[in-house]
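So the structure is just underneath, and the comments pick up after that.
Residue numbers (this note's numbering), protein chains in the order written: chain A, 1 to 713; chain B, 714 to 1015.
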C-alpha cells in the first residue's frame, strides 16, 4: 500500500513537472523588418524591408521564391482575375480598382544585386501574364543551417477593396502587401519527391502558406488615422510633417496585416484567464482532455475591437465573441499564446475585406441592420468573429498548406467554430421572426440539396467552382469531423484534436499527419474512414427503403406423407389464426429493406422499434451471424452492435419474426452519421403519421387565404 | 373620415353575410389548392419519423432533405400558390362587384340576388379597370422606385454611408408601397363610381375616382390607414395567441385561431368598402343610379 501511494505521488509529481506539450516558440525561419509609408491620396505604399531567411532543411538552397500577391489585381490577365471572373466571396471587383506591387531593389546584406536574374514564375497554370510568384537566384546556395539577409525596397498600389485587401475611401485593409517568401520544403515533406519552394500563384479559391518568423513593422501615415495591426504596438511617435509612425512587433507568426481609418472607434477589452473561465470549466476541460489543470490554464489577452461608429451598438457582441473564441479554442486545443488580438469591423462598401484571418488580427463583418429587431438575433457577427479567431489555431499556429489542403484549416475551423458557437451562444445561429436555424443544421443544407461532393483533399484552385471549393473545404469537412466524433466518441475526438494541435503548433502538418494522430489516439486504424470521406468523392446515404409488418399466417396446403398426409384448408388456417389471435400467441413477420444510395460505407446499426416500446438494435455487418440466432439469422445481422466488417452491399433485406408488431426502423439511430446527405430517409414507419402533413397543410391554408386577400379577395 | 369609417363598420354589422361569403370564397379556394398538397405531404412525410419535428416547429434541415427526396414538392406548392393567386385576382373582381352592389343598392331583393347581380354586372368593367390601373401603377412604381433602388446600389458601392444606403432602399420600398396604395384606392374609388352610377365608361370612372381621392386625400388615406391599423392589431393579437398555444396543442386549435383572424380580416375588407362608399356618397350624394333601371339591366326584363 505504501509503495502504491508512493508511486501515485511520484506520478503526480512527474505530471506536475512534465513539460507543457504546447511548444512555447515557433522556429524563426522567415523574419521581416519593414518600414512602410502609406500615402492616402494615391493609396500607394512605399516600403523597405530586411528579410532574414534561415535554412532549416538538410538541403542547400540556391534560390528564393517570393509571393507578390498584390499583382493578382494588376490586370485582367492575372490568374486570380481569370479564375474569379472579378467576383469572389459575394463581392465584385470594382472597375479600374487595380493594384500591383513592384520590387524596386533587392540586394544581399553584402550588397550583391539580385534583381538581374529574377523571373516571374507560374508553377500552377503556365499563365505567363501572372506576376504573383517571383524567383530570385542566389549567387551562392544557402547551406543547411545557414542564413541569408536581404535588403529590399518595393512600391505598391493598393486595389479598391476586393477579396480581402485594399482601400475604400479612407479605410485601408492592408493584407498580402509585402514581398513574402514561400516555404522551402525538402524532399519527403508532405510527399515531395525532391526539395523545392512551395510557392503557388494567387488563385481565386485558395489562401496562403508561409514560414514562421519575427515581424517588426513601422507604418508611417497621417496622424488622423487609427491603426491596428498584427502583434503588439511597441512605439508610436508623431512626426513634424503631420504623419505618425506606428511600430508593431510580433514573433511566432507567419504573416502581417494592418488596417487604418480615421473613422475607427477603438474598443478595448481584456480576456482574463482567471475570471473569464470558471474553475468548473477548467476542471471539465482537463477531464475531457486527460490533461492537468495547469496544461489547460489560459493566459490573459488584450483585445482591441476597431468598430465602425454606426455599429457601436454591436461592440459588446464582438467583444463577447472574441472572448468566447479565446476561451473555448484555448480550453480545447491549447492556450492562445499571443498577448493581443485585434478585431476589425470593415467599412461599409469594403465588405470584401471582411471575414479574414491574419495572425493576431482578424476582420469580422456586420451591418446596421443587425443593430435592432428583427435581425438582432442573427448571430452572424458572432459567427464570423469566432470563425476568424479560430483560424489563429487552424492555419495560424497549425500552419497547414491552405493552397493544397484547404480542408485542414477551413474545415477544421468550421467544425471547431460550430462547437464554440453552440457552447457560447446556444444552438441557434439564425433566429428571425420565429424561424430558427441551428449552427449544426447549416452545413447540412448544402449537403442535402447540392450533392457537390468532390475529393475533399483537392488543391483549392482545382475545384470545379467556388461553391464546390466552399462546400468541400468548409461544410463537408465539418460534417466529416462530426461523423468522426460520432464514431470515436466525444472524449476521444477531443483528445485527437488536442493532440494534433499540440504536436503541430508552429509546424506545417499534412493530412497524413492528422490521420496518424487519429489512429494513435483512437487506438485503431481509421484510414478506411478517411479514404472514403476525404480522399474520394463518395456520398454517404443509407436509407430505409421499405418496411412491412404483418401477422404470420398459419400454414396451409398439404403436409406429411403416406397415411400421415394431411391437408389444411384455407378455412382451417383462418380458424387457427383466430384461435391464436384470441390467445394472443400469433407472431408478426416484419421486413425492412435497407438501401445504400451512396458509395461511402460506415459501420452502422439498425434499430427496430416494436409495439409496446420494445426495440432491437443490430449492427449491419458482413460477418456470418452466430449459430442459433433465429430471428436475425436470415438477415445476416450481428446482434447488439457487435462489430465485424461493415456491410458492403447495396441492399440488405432484414426479416424478423416477433411477438410484437414492428412500428418503425432506423438506420444509424444514434445520429452519428452527420455526413449522411439525407437523414430524413434514415428512418421509416409502417403506418404513416399524418400529423406533420396536416399541421403544415393547415398553415398553408391560412397563408393561401392571406395570398387571396392580397389578390383582392 | 371618421363618419365614413363608422359607416363602414355599420355596413359590416348590416351585411354580415358579405363577410361570410368572403370567408367562404377564400376558404373554398384555399382548401381546393391545398388538398392535393396535403395528400402529397402525407405521402412524403407520413412514413418518415424524422419529419415529425415539423409538427412542432420549422426545421430547415428536414425541409432540405425533403426537397432532395421529393424535388417536385416545393415547385408543386409554388404552382398551387400561383394558381390560387390568379384565381384570387379573378374572384376578387367578382366579390368586389357583388359586395359594392349589396352595399349600395336600395332595393329589397334577397342578398344572393343583389350579390349575384353586382358580381356579374360589374365583372367585365372591373376587369377593364384593373387592366388600366395595374400597368399604369407598374410604370409609376418603376419611375419612382427604380431610380431610388439604383441610387441605393450606387451608395452601397461608392459612399460608405451605410444608413443612407439602407435608408434609400427603404425609401424605394416605401415609394413602391405608396404607388400600390394609391393605385388600390383609386381603383376602389373608380369601382364605387361604376357601381353607384352604373356607367359603362371605365376611363371616366377612373378619372372620377382619381378626382375623389385627390380632392379628399385625408379622408381616403385616413379611412384606409385606420383600417390597416386595426388589421395590424388583429394580426398582432393572432400572433400572440398563436404563440401562447402550447407546443403539443392539436392543429385544430391553431386552425380555428387562424380562421378567426381571416374572418376579422374579411370584416375589415367589407368595412373598408363601406367606408369608401360613404366617402363617395359624401362627395357626390346626388349621383345615384335609378333602382328601376338597375333592375331592368340585371334581369333583362321590361
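Glycine included, each C-beta is placed from N, C-alpha and C at the ideal position. Small disclaimer: the values here were computed from a predicted structure and weren't measured.
Cut-off 7 Å between Cβ atoms - residues of its own chain near residue i, not counting five sequence neighbours on either side
i                     : result
residue 731 (chain B) : 812, 815, 983
residue 966 (chain B) : 958
residue 243 (chain A) : 220, 221, 222, 223
residue 77 (chain A)  : 129
residue 186 (chain A) : 57, 58, 59, 195
residue 209 (chain A) : 183, 198, 401, 402, 403
Close-in-space but distant-in-sequence residues of the same chain around residue i (CB under 6 Å, 5 per side omitted)
i                     : result
residue 882 (chain B) : 865
residue 452 (chain A) : 468, 471
residue 36 (chain A)  : 45, 47, 219
residue 725 (chain B) : 980, 983, 984
Contact with chain B by residue i, beta-carbon distance below 7 Å
i                     : result
residue 612 (chain A) : no
residue 694 (chain A) : yes
residue 472 (chain A) : no
residue 698 (chain A) : yes
residue 601 (chain A) : no
residue 717 (chain A) : Residue coverage of chain A in this structure runs from 1 to 713, which leaves residue 717 (chain A) outside it and unanswerable.
residue 701 (chain A) : yes
residue 674 (chain A) : no
residue 312 (chain A) : no
residue 606 (chain A) : no
residue 690 (chain A) : yes
residue 498 (chain A) : no
Cutoff 7 Å: residue i Cβ touching any chain A Cβ
i                     : result
residue 739 (chain B) : yes
residue 975 (chain B) : yes
residue 747 (chain B) : yes
residue 921 (chain B) : no
residue 768 (chain B) : yes
residue 755 (chain B) : yes
residue 861 (chain B) : no
residue 775 (chain B) : yes
residue 727 (chain B) : no
residue 743 (chain B) : yes
Cα-Cα separation between residue i and residue j, rounded to whole angstroms
i                     : j                     : result
residue 768 (chain A) : residue 388 (chain A) : Since the first residue of chain A shown is 1 and the last is 713, residue 768 (chain A) is not available in this structure.
residue 448 (chain A) : residue 494 (chain A) : 27 Å
residue 82 (chain A)  : residue 411 (chain A) : 26 Å
residue 538 (chain A) : residue 676 (chain A) : 11 Å
residue 464 (chain A) : residue 843 (chain B) : 49 Å
residue 203 (chain A) : residue 329 (chain A) : 29 Å
residue 107 (chain A) : residue 225 (chain A) : 33 Å
residue 146 (chain A) : residue 459 (chain A) : 32 Å
residue 301 (chain A) : residue 854 (chain B) : 54 Å
residue 120 (chain A) : residue 193 (chain A) : 24 Å
Bounding residues of the beta strand (DSSP E) (the contiguous stretch that carries residue i)
i                     : result
residue 229 (chain A) : 226-229
residue 557 (chain A) : 557-559
residue 653 (chain A) : 651-658
residue 307 (chain A) : 301-307
residue 197 (chain A) : 196-198
residue 106 (chain A) : 100-108
residue 414 (chain A) : Element bounds for residue 414 (chain A): not the beta strand (DSSP E) but the alpha helix (DSSP H), 410-425.
residue 35 (chain A)  : 30-39
residue 138 (chain A) : 133-142
residue 452 (chain A) : Taken as a continuous stretch (DSSP letters only), residue 452 (chain A) belongs to no beta strand (DSSP E), as it is neither H nor E.
Close Cβ partners of residue i (< 8 Å) along its chain, the five nearest in sequence each way excluded
i                     : result
residue 728 (chain A) : Because residue 728 (chain A) is not part of the residues shown, which for chain A are 1 to 713, the question remains open.
residue 605 (chain A) : 617, 618, 619, 620, 641, 667, 668, 669, 670
residue 391 (chain A) : 357, 362, 409, 413
residue 615 (chain A) : 607, 608, 609
residue 735 (chain B) : 808, 812, 979, 982, 983
The alpha helix (DSSP H) enclosing residue i, as first and last residue numbers
i                     : result
residue 876 (chain B) : 875-910
residue 67 (chain A)  : Per DSSP, residue 67 (chain A) belongs to no alpha helix (DSSP H); it is in the beta strand (DSSP E), 61-67.
residue 792 (chain B) : 786-817
Can you list, in chain order, the residues of the region 326-354 of chain A whose Cβ is nearer than 8 Å to any Cβ on chain B?
347, 348, 349, 350
So if I threshold CB-CB distances at 7 Å, which residues from the region 949-970 of chain B count as touching chain A?
964, 967, 968
Taking a Cβ distance cut-off of 7 Å, strictly less, list which residues of the region 541-560 of chain A are near chain B, in chain order.
none
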